Amino acid sequence: MDRRIDKVVLQEGDTINLTTHPGFDIKGNKTCLYVDHKELPYVLKPKDKVLLDYGRITLSVRGCYDHEIVCEVVTGGALQGYADVTVIDVPLNIPYLTNKDKKDIEVLTSEQVDIIIVPHVEDSKCLDEVRKLIGVRNTGIQLMAKIDSKLGYKNFDAILDSADGVIIDRGKISVEVSTEKVMQAQKTMVAKANKAGKPVFGACEYLNSMIVRNCPTFAEATDVINAIIEGIDGLVLKEETARGEYPALAVRTLATLAREAEGQIWQHEIWKSLNEAATPPIDPAHAVVISSIEAANKAHATAIVLATTSGTSARYLAKYRPRCPVIAITRYGSVARKLHMFRAVWPLHYIVAPNPNWCLDVDLRLQFGINAGKLEGIIKPGDPLVLVSGWRQGAGFTNNIRVVYASDEEPWVLPYSPVVAP
1 MDRRIDKVVL QEGDTINLTT HPGFDIKGNK TCLYVDHKEL PYVLKPKDKV LLDYGRITLS
61 VRGCYDHEIV CEVVTGGALQ GYADVTVIDV PLNIPYLTNK DKKDIEVLTS EQVDIIIVPH
121 VEDSKCLDEV RKLIGVRNTG IQLMAKIDSK LGYKNFDAIL DSADGVIIDR GKISVEVSTE
181 KVMQAQKTMV AKANKAGKPV FGACEYLNSM IVRNCPTFAE ATDVINAIIE GIDGLVLKEE
241 TARGEYPALA VRTLATLARE AEGQIWQHEI WKSLNEAATP PIDPAHAVVI SSIEAANKAH
301 ATAIVLATTS GTSARYLAKY RPRCPVIAIT RYGSVARKLH MFRAVWPLHY IVAPNPNWCL
361 DVDLRLQFGI NAGKLEGIIK PGDPLVLVSG WRQGAGFTNN IRVVYASDEE PWVLPYSPVV
421 AP
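Take the sequence shown: its letter number 197 is residue 197 in UniProt numbering, and every next letter is one higher.
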């Protein structure tokens, strides 16, 4: 669209041309709009429907020519630049990764990013191609798959198995799935992600009215709260912060609603359901995590303080939705950053040089986590705490649980006292 034009208004009955000619990429107006899929004129046919801006505007195809699609406006509305374009039940010969995508992934890999969000994932093959590109240079990058189509929903099980986490764009799914089925689709995908222990985020105009208003509607607030109660781990704001008049306020409002929603979650039933789904045999670290949550529930622990190397134990803990926060201490910054994706986990990067005495080093890390909890107001004197760690150096050896009480002075738990052999 012409950069001098803020938006165009399309009215029912208008004729508009969609062009793929690159010369029009910044010259669009109400009679001619640029679309960036070059093959579109060759796959559409008369009477096909083209949906713009998440289905708010509907066009009916009259005819297709080189670089151009002539359409009639069926449902009009205001349209801004870079709007989403959707065609229904028309196969598009789009490669999983374009040359630009591959170059972008190379740059991201060289910059050692922690997470790559892969948009418009419709099957696991797309994620496999991305992993091939990053695997040679950096296997630690996490992939978040964005599900935004009917086909992506249909292939969700395979996508979830391949991805490290998912983002559900309910708004885009609703363009292809009937409105009454969208909530069912969201609930199904969220439940499957929860059971798999993988983070699931929602992205769908949660506070859309705050683009122009300083407060959400009651329906929006209810939608946010219900999404979190259902099991959503995080919410993504789009236009509210991209072009809204109150971006910071929108984020604060969302955070306030999220905290309120978390207080309404029936943690015991969620824990019971997920625990029953963990059919034996399970690996030792997994078993220790389940036992630590049981101990935290019985002791009414204020926090679970965990010393972790790879972050695996912290991810297991997040899966079972503990009723208290998990303070995860790790020496690796990349592990700490990735753990921010997981619900209830507060990761801390411990940068003090390792102590040669492994057991003492573990206690020092746990003490660091307790002190941080004290400063944040999470932990108070007399609070019961569950400490989880390993008694063997390295990843994959979490096998120790302790229940302690926070003291009112330093150190906040009894200091480590090595046993002296006679």
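By construction, the Cβ of each residue, glycine as well, lies at the ideal position given by its N, Cα and C atoms. All figures in this text were calculated on a predicted structure; none of them were measured in a lab.
For the beta strand (DSSP E) containing residue i, name the first residue and the last one.
{"i": "Cys359", "result": "Taken as a continuous stretch (DSSP letters only), Cys359 belongs to no beta strand (DSSP E), being part of the alpha helix (DSSP H) at 358-375."}
{"i": "Gln80", "result": "77-80"}
{"i": "Gln142", "result": "142-147"}
{"i": "Thr20", "result": "Here Thr20 belongs to no beta strand (DSSP E), and DSSP marks it neither H nor E."}
{"i": "Val234", "result": "Sequence inspection shows Gly at residue 234; the Val mentioned does not correspond to that position. Element bounds for Gly234: 234-236."}
{"i": "Leu10", "result": "7-10"}
{"i": "Leu51", "result": "49-52"}
{"i": "Thr86", "result": "85-87"}
Could you tell me if residue i is buried or exposed, where buried requires 16 or more neighbouring beta carbons within 10 angstroms of its beta carbon?
{"i": "Trp391", "result": "exposed"}
{"i": "Lys7", "result": "exposed"}
{"i": "Asp25", "result": "exposed"}
{"i": "Ile94", "result": "exposed"}
{"i": "Ile351", "result": "exposed"}
{"i": "Lys338", "result": "buried"}
{"i": "Asn99", "result": "exposed"}
{"i": "Ser292", "result": "buried"}
{"i": "Glu260", "result": "exposed"}
{"i": "Gly152", "result": "buried"}
{"i": "Ser110", "result": "exposed"}
{"i": "Gln11", "result": "exposed"}
{"i": "Ala314", "result": "buried"}
{"i": "Glu122", "result": "buried"}
{"i": "Gly13", "result": "exposed"}
{"i": "Pro347", "result": "buried"}
{"i": "Thr279", "result": "exposed"}
Which stretch, first to last residue, makes up the alpha helix (DSSP H) that contains residue i?
{"i": "Glu122", "result": "Careful: Glu122 lies outside any alpha helix (DSSP H) and carries neither H nor E."}
{"i": "Pro347", "result": "Note, Pro347: premise wrong, no alpha helix (DSSP H); beta strand (DSSP E) at 345-349."}
{"i": "Leu254", "result": "247-262"}
{"i": "Gly333", "result": "333-338"}
{"i": "Val175", "result": "170-176"}
{"i": "Ile225", "result": "218-230"}
{"i": "Lys298", "result": "284-299"}
{"i": "Val35", "result": "Careful: Val35 lies outside any alpha helix (DSSP H) and carries neither H nor E."}
{"i": "Thr179", "result": "179-196"}
{"i": "Val107", "result": "99-110"}
{"i": "Phe156", "result": "156-162"}
{"i": "Trp271", "result": "267-277"}
{"i": "Lys319", "result": "312-319"}
{"i": "Ala242", "result": "239-242"}
With residue i and residue j assumed to form a contact (beta carbons below 8 Å), what rounded beta-carbon distance in angstroms separates them?
{"i": "Ala185", "j": "Ala163", "result": "Actually they are not in contact, since the Cβ atoms of Ala185 and Ala163 sit about 17 Å apart, beyond 8 Å."}
{"i": "Val175", "j": "Ile147", "result": "The Cβ separation is near 13 Å, so there is no contact."}
{"i": "Ile232", "j": "Val182", "result": "Not quite, the Cβ-Cβ distance comes to about 14 Å (not below 8 Å), so this is no contact."}
{"i": "Glu72", "j": "Leu59", "result": "7 Å"}
{"i": "Gly63", "j": "Val74", "result": "With 8 Å as the limit, Gly63 and Val74 do not qualify as a contact, their Cβ atoms being about 16 Å apart."}
{"i": "Ile327", "j": "Arg365", "result": "Between Arg365 and Ile327 the Cβ distance is about 10 Å, and since that is not below 8 Å, they are no contact."}
{"i": "Thr241", "j": "Ala250", "result": "6 Å"}
{"i": "Gly333", "j": "His349", "result": "5 Å"}
{"i": "Lys198", "j": "Phe156", "result": "Not confirmed; about 12 Å, so no contact."}
{"i": "Glu245", "j": "Val212", "result": "6 Å"}
{"i": "Val345", "j": "Ala307", "result": "That belief does not hold up - the Cβ atoms of Val345 and Ala307 are roughly 13 Å apart, past 8 Å."}
{"i": "Leu160", "j": "Ala196", "result": "6 Å"}
{"i": "Lys154", "j": "Ile173", "result": "11 Å between Cβ atoms; not a contact."}
{"i": "Leu97", "j": "Glu68", "result": "Contact flag wrong, Cβ pair sits at about 27 Å."}
For residue i, list the residues DSSP reports as bridge partners.
{"i": "Cys204", "result": "None, per the DSSP bridge assignment."}
{"i": "Arg402", "result": "Leu387"}
{"i": "Cys71", "result": "Ile16, Val61"}
{"i": "Ala328", "result": "Leu306, Pro347"}
{"i": "Ile211", "result": "BP columns for Ile211 are empty, so no partner."}
{"i": "Ser165", "result": "The sequence given here has Gly at residue 165, not Ser. Note: Gly165 sits in a beta bridge opposite Met144."}
{"i": "Ile94", "result": "BP columns for Ile94 are empty, so no partner."}
{"i": "Asn29", "result": "Cys32"}
{"i": "Ile115", "result": "Gln142"}
Measuring only between beta-carbons, confirm whether residue i sits less than 7 Å from chain D.
{"i": "Ala248", "result": "Considering every chain present, this structure includes no chain D. It has just one protein chain."}
Cβ-heavy atom distance between residue i and the ligand MN below 6 Å?
{"i": "Ser209", "result": "Summarising the ligand content, the structure contains no ligands, and the ligand MN is consequently not present."}
With contact counted as at least three CB pairs below 8 Å, one residue from each stretch, are the region 294-301 and the region 320-327 in contact? With three or more CB-CB distances shorter than 8 Å, the region 294-301 counts as touching the region 320-327.
Is the region 285-297 touching the region 363-381, taking contact as three or more C-beta pairs under 8 Å? The answer is no - the region 363-381 does not touch the region 285-297, with fewer than three Cβ pairs under 8 Å.
Under 8 Å, with one C-beta from each stretch per pair, do the region 68-86 and the region 105-114 reach the 3-pair mark? These segments do not touch.
Within the chosen definition, does the region 13-22 reach the region 32-42 through at least 3 CB pairs nearer than 8 Å? The region 13-22 vs the region 32-42: in contact.
Any 3 or more C-beta pairs closer than 8 Å across the region 383-390 and the region 398-405: Yes, the region 383-390 touches the region 398-405.
Pair every Cβ in the region 235-247 with every Cβ in the region 202-216, then say whether three or more of these pairs are closer than 8 Å. They touch, by the three-pair rule.
Assess contact between the region 351-361 and the region 267-280, defined as three or more Cβ pairs (one per stretch) separated by less than 8 Å. Is contact present? These segments do not touch.
Does the region 114-125 come into contact with the region 85-93, if we say contact requires no fewer than three beta-carbon pairs (one atom in each stretch) closer than 8 Å? Look at the beta carbons and you see the region 114-125 not touching the region 85-93: under three pairs across the two are nearer than 8 Å.
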